[in-house]
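Step one of this worksheet: look at the structure below.
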Amino acid sequence: MPELPEVEVTRRGIEPHLVDRRIAAVTVREARLRRPVNDDLAARLQGQRIARLRRRGKYLLADLDQGQLLLHLGMSGHLRVVPQDTVAQRHDHVDLLLEDGNCLRFHDPRRFGLFLWGEDWASDPLLQGLGPEPLGSEFDADYLFARSRGHQQPIKSFLMDAHVVVGVGNIYANESLFRAGIDPRRAAGRIALPRFRRLHQAIVEILQEAITAGGTTLRDFTRPDGRKGYFRLSLAVYGREEEPCIRCGKALRAARIGGRSSFYCGHCQR
DNA sequence: CTACGTACCTGCCAGC
DNA sequence: TGCTGGCAGGTACGTA
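Counting from 0, one number per residue, gives the positions in the first sequence under numbering that gives the first Met the number 0.
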């Protein structure tokens, strides 16, 4: 589900409910996530005030009086803010009950997500090697160009590598490459600087448009208030195999790149 | 080091 | 109808 836009939409949705609030109680119904939830999570969080909520790539970091909460939505996770008496559903793994009666509820059927307390995650291997933020100033065409020299890897796999740039997952890699007119199978190291300018611009535009639309809901994703994301209506290639290209009208193609479903126009993308 | 492939987990859908 | 295989928005690890 969640790539950068969905995580950012989630962050913006829950932030006003969390910042400057205290955690009154914690319920863990299922601790077996990608890494097990701290076995002393409740003790760690109880009574703590949440100072702020940040995003790093697809991770969310909540700064507490003591330590930090590190959250990740995996493939199928979402966070919602619900009234505390809301009945828990299947796969509602963790609740943070807030002092104002609201409840932050973590739901994740596939359990690839994370809900972890730690003293300081900044130097943890999970976050250490991450590439720049795609919407930040360190990410530009020159960076992509320099970083890709000598790489034979397909540009799509390269873009989806969080050590290159964070936040670009399968949907937005497909969409960005379509907008930039680049064949997703092309070796990253064989793309010239002017084309990286187009690609950089496409990535930034698409991520921003997706955030504005509330993200992309294919199935699981819901925003913290329960609404869906509408960027799905703007997808040009993802999931549209055999449908006409919006630019040239030729049938879009599907391929397997780096083990992931990929969609592109064989005419518009070179 | 790079570039794959595979595993983790549940739900859903097409096809038999 | 009911089963089975394949696939799904992410990431980490093992292998050449």
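Note that CB positions come from ideal geometry on N, CA and C, so glycine has one too.
Can you have a look at residue i and say buried or exposed, based on whether 16 or more other CB atoms are within 10 angstroms of its CB?
i, result
"glycine 46", "exposed"
"proline 15", "exposed"
"aspartate 38", "exposed"
"glutamate 5", "buried"
"alanine 187", "buried"
"serine 261", "buried"
"threonine 104", "Per the sequence shown, residue 104 should be read as arginine rather than threonine. Classification for arginine 104: buried."
"histidine 92", "buried"
"alanine 121", "exposed"
"alanine 50", "exposed"
"proline 1", "buried"
"histidine 86", "At residue 86 the sequence reads valine, which differs from the histidine that was named. So valine 86 counts as exposed."
Out of the options, state which residue places its alpha-carbon closest to the alpha-carbon of residue i.
i, options, result
"lysine 57", "Leu206, Pro35 and His90", "Leu206"
"cysteine 247", "Leu234, Leu192 and Gln268", "Gln268"
"alanine 191", "Asn173, Arg146 and Gly214", "Arg146"
"arginine 110", "Met74, Asp94 and Phe144", "Met74"
"arginine 226", "His90, Tyr237, Gly214 and Arg189", "Gly214"
"histidine 90", "Gly265, Ala30 and Leu125", "Ala30"
"proline 165", "Pro1, Pro131 and Ala23", "It is valine, not proline, that sits at residue 165 in the sequence shown. Nearest C-alpha to valine 165: Pro131."
"arginine 231", "Ala209, Ala23, Pro108 and Leu251", "Ala209"
"glutamate 137", "Met159, Pro124, Ala172 and Val203", "Val203"
"asparagine 173", "Val163, Arg259 and Arg55", "Arg259"
"leucine 32", "Ala23, Asp99, Ile22 and Pro108", "Pro108"
Determine the contact status of residue i and residue j, defining contact as a CB-CB distance below 8 angstroms.
i, j, result
"phenylalanine 114", "valine 8", "no"
"arginine 43", "aspartate 64", "no"
"arginine 20", "leucine 97", "yes"
"glycine 228", "alanine 212", "yes"
"leucine 3", "proline 133", "yes"
"leucine 95", "valine 25", "yes"
"glycine 335", "histidine 106", "Look at the range of the chain in this structure, 0 to 269, and you will see that residue 335 is not part of it."
"glycine 238", "proline 153", "no"
"valine 80", "isoleucine 13", "yes"
"arginine 143", "leucine 198", "Reading the sequence as shown, one finds leucine at residue 143 and not arginine. Yes; because the gap between Cβ atoms is below 8 angstroms, this pair is in contact."
"leucine 126", "arginine 54", "no"
Residue i and residue j look like a contact to me (Cβ under 8 angstroms); what is the Cβ gap, rounded to whole Å?
i, j, result
"alanine 61", "leucine 52", "5 angstroms"
"proline 223", "leucine 78", "6 angstroms"
"leucine 59", "arginine 11", "With a Cβ gap of about 11 angstroms, leucine 59 and arginine 11 do not count as contacting."
"glutamine 67", "aspartate 119", "6 angstroms"
In angstroms with no decimal places, state the Cα-to-Cα distance between residue i and residue j.
i, j, result
"glutamine 200", "arginine 178", "9 angstroms"
"serine 175", "lysine 155", "9 angstroms"
"glycine 117", "leucine 69", "8 angstroms"
"phenylalanine 195", "aspartate 139", "8 angstroms"
"asparagine 101", "phenylalanine 220", "20 angstroms"
"proline 183", "asparagine 169", "11 angstroms"
"glutamine 88", "glutamine 151", "46 angstroms"
"arginine 34", "glycine 112", "8 angstroms"
"glutamate 241", "phenylalanine 157", "25 angstroms"
"glycine 265", "serine 233", "20 angstroms"
"alanine 250", "tyrosine 263", "9 angstroms"
"methionine 159", "isoleucine 245", "24 angstroms"
"arginine 255", "glycine 149", "23 angstroms"
"proline 124", "alanine 235", "35 angstroms"
"valine 18", "valine 167", "27 angstroms"
"valine 163", "aspartate 84", "43 angstroms"
"tyrosine 171", "arginine 189", "21 angstroms"
"alanine 23", "alanine 161", "35 angstroms"
Looking at the ligand SAH, does it come within less than 7 angstroms of residue i, judged from the CB to the closest heavy atom?
i, result
"arginine 148", "Judged by which ligands are present, the structure shown has none, so any question about the ligand SAH falls away."
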